[in-house]
Amino acid sequence: MEIRGKAALVSGGAGGLGEATVRRLVADGARVVIADLAEERGKALAQDLGEAAVFVRTDVTDEESVTSAIAAASELGELRVSVCAHAGPVAQQRILDRSGAPIPQELFDRTIRIYLSGTFNLLRQVAAAMAALEPLDSGARGLVVNTASIAAFEGQIGQSDYSAAKGGVVGLGLVAARDLAAVGIRVVTIAPGTFFTPAFQLDEGTAHETWGKSVPFPKRMGRADEYADLVSFLVGNDYINGETIRIDGAQRFGPK
Ligand SMILES: NC(=O)c1ccc[n+]([C@@H]2O[C@H](COP(=O)([O-])OP(=O)(O)OC[C@H]3O[C@@H](n4cnc5c(N)ncnc54)[C@H](O)[C@@H]3O)[C@@H](O)[C@H]2O)c1
541 MEIRGKAALV SGGAGGLGEA TVRRLVADGA RVVIADLAEE RGKALAQDLG
591 EAAVFVRTDV TDEESVTSAI AAASELGELR VSVCAHAGPV AQQRILDRSG
641 APIPQELFDR TIRIYLSGTF NLLRQVAAAM AALEPLDSGA RGLVVNTASI
691 AAFEGQIGQS DYSAAKGGVV GLGLVAARDL AAVGIRVVTI APGTFFTPAF
741 QLDEGTAHET WGKSVPFPKR MGRADEYADL VSFLVGNDYI NGETIRIDGA
791 QRFGPK
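Numbering (my numbering), first residue to last: 541 to 796.
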C-alpha cells in the first residue's frame, strides 16, 4: 500500500515507539494524528512536524475519545493506517507476595484495560472507518498494526498482567485479520524485545548497559526507529497479514 497522501493514526504517538512511527509515516508522505494522553509532548511533536501531524488528546480506553481521534484523522485524508503503540502502568508484582497474599485484582484489570481492551477499542473503531472507504486498486482498504511484546511468549516473573494482555493482543491478530479480510483490512502484530524508550525511565547509557547485554546480537537495546522502519515495511507489503513479527535481536526472556 502507498501511504503518500493518505492519513494515519498512532496511539501513544507521543511516546518512544509511537513518536518514531509518527516521524517515519510523515517522512513516507502521510499526514498523521498523534493520539496520546500526553498533551505537552504530543503538541510539541505536532508543532515540530508542521502541517503533516495533528495532536489529538486521546484515551484509548474511552470509546468517545477514540471516535474523536479517528474523526480527526479522517479529516487529514483517507485513513489507511492505524498503529497501536500506547503504554501504561503495569503491576510488576508476583501473583503471591512474600506473605502469601494475592495480587490485587484491580492491578491486573487495569493492565488488561489499557493494553488489551484499549487496543481492541481502537482496532474495532478504526476498522469501521477504513471499511467505509473505497478500496484501493489492490482491493486493500487499510492496515492495522498492533504492538504486543516478546513477553507475550516468555513472560517474566512479576509480569502476569502484562504477559496476559500482550498474549491477548497476539491472539487477537489472526482473528482480526480473518474478520476484516472481507473488507480488505490487514492486521499485523509486532512483538518487540527491549527498545530504548522513555518507558524505561533511565538515561540511554544505563539502559543499554542494563538491558542490552541479554540481547544476543546486536548487543544493545532496539532503537525506536528500527520499530518504525518495520511499520513502514508492513505498510508497503500487502502480503503480510495475520502474523506476529518479533523484532528482538534474538532475545528470549528468562524467568527474571
Ligand atoms: N520499549 C520496549 O522495550 C517495548 C518492548 C515491548 C513492547 N513494547 C510495547 O510498545 C508500546 C509502546 O511502548 P513505549 O516503550 O514506546 O512506551 P512509552 O511509555 O515511551 O510511550 C507510551 C505512550 O502511550 C501514552 N499513553 C498512555 N496511556 C494512554 C492511553 N490510555 N491512551 C493513549 N495513549 C496513552 C503515553 O502518554 C506515552 O506517550 C507498548 O504497548 C509497549 O508495551 C515496548
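We put the beta carbon where it would ideally sit given N, CA and C, even for glycine.
All values derive from a computational prediction rather than experimental measurement.
With a floor of 4 residues, list each alpha helix (DSSP H) that falls wholly inside the region 633-675, ordered by position along the chain. The qualifying runs are 645-651 and 658-671.
CA-CA distance, residue 667 and residue 729? Indexing the sequence shown from 1 puts residue 667 at position 127. Indexing the sequence shown from 1 puts residue 729 at position 189. Annotation: residue 667 to residue 729 spans about 15 Å, alpha carbon to alpha carbon.
Going by DSSP in three states, residue 689 sits in which element: helix, strand or coil? Counted from its first residue, the sequence shown places residue 689 at position 149. Residue 689 falls in the coil class under three-state DSSP.
Given residue 737, which residues of its chain have a CB within under 7 Å of its CB, disregarding the five upstream and five downstream residues? Along the sequence shown, one-based indexing puts residue 737 at 197. Here the set comprises 555, 556, 557 and 764.
Give the DSSP-derived three-state secondary structure of residue 572 in the structure shown. Position 32 of the sequence shown holds residue 572. If DSSP states are grouped into helix, strand and coil, residue 572 belongs with the strands.
Do you know how far the Cα of residue 543 is from the Cα of residue 775? The sequence position of residue 775 within the sequence shown is 235, counting from 1. The sequence position of residue 543 within the sequence shown is 3, counting from 1. Their backbone Cα atoms lie some 7 Å apart in a straight line.
Please confirm whether residue 609 has its beta-carbon closer than 9 Å to some beta-carbon of chain D. Considering every chain present, this structure includes no chain D. It has just one protein chain.
Thinking C-alpha only, which one of 757, 662 and 616 is nearest residue 569? Counting from one through the sequence shown, the residue named residue 569 turns up at place 29. It is 616 whose Cα lies nearest to the Cα of residue 569.
Relative to the C-alpha of residue 787, which residue among 718, 708 and 691 is closest? The residue labelled residue 787 in the question sits at position 247 within the sequence shown. Selected option, being the one with the closest Cα: 691.
In the DSSP assignment, what are the bridge partners of residue 732? Along the sequence shown, read from residue 1 onward, the residue named residue 732 stands at position 192. Residue 732 is bridged to 787.
For a test of the three-state rule: what should DSSP assign to residue 593, helix, strand or coil? On the sequence shown, position 53 is the one that residue 593 refers to. Residue state, collapsed to three classes: strand.
Terminal residues of the continuous beta strand (DSSP E) containing residue 544? Walking along the sequence shown from the start, residue 544 turns up at place 4. Per DSSP, residue 544 belongs to no beta strand (DSSP E) and is neither H nor E.
Alpha carbon to alpha carbon, what distance is there between residue 599 and residue 575? Start at 1 with the first residue of the sequence shown, and residue 575 comes out as number 35. Start at 1 with the first residue of the sequence shown, and residue 599 comes out as number 59. Residue 599 has its alpha-carbon roughly 8 Å from the corresponding atom of residue 575.
Using the C-alpha atoms, what's the distance from residue 693 back to residue 644? As a working note, residue 644 is residue 104 in the sequence shown. As a working note, residue 693 is residue 153 in the sequence shown. Taking the straight line joining both Cα atoms gives about 23 Å.
Simplified DSSP assignment, three categories, for residue 610: Position 70 of the sequence shown holds residue 610. Here DSSP, grouped into helix, strand and coil, assigns residue 610 to helix.
Closest Cα partner of residue 658 within the set 584, 604 and 743: If you number the sequence shown from 1, residue 658 lands on position 118. Considering only alpha carbons, the answer is 604.
Short of 7 Å in beta carbon distance, which residues of its chain neighbour residue 592, apart from the five on each side in sequence? Order them along the chain. Locating residue 592 in the sequence shown gives position 52, where the first residue counts as 1. Contacts found: 566, 571 and 572.
Distance, residue 768 Cα to residue 623 Cα: The residue given as residue 623 occupies position 83 in the sequence shown. The residue given as residue 768 occupies position 228 in the sequence shown. About 10 Å.
Pick from 608, 686 and 743 that is closest to residue 726, judged by C-alpha positions: Taking the first residue of the sequence shown as 1, we reach residue 726 at position 186. Among 608, 686 and 743, the Cα nearest to that of residue 726 belongs to 686.
Residues that DSSP places opposite residue 725 in a beta bridge: Residue mapping note: residue 725 aligns to position 185 of the sequence shown, counting from 1. BP columns for residue 725 point to 682.
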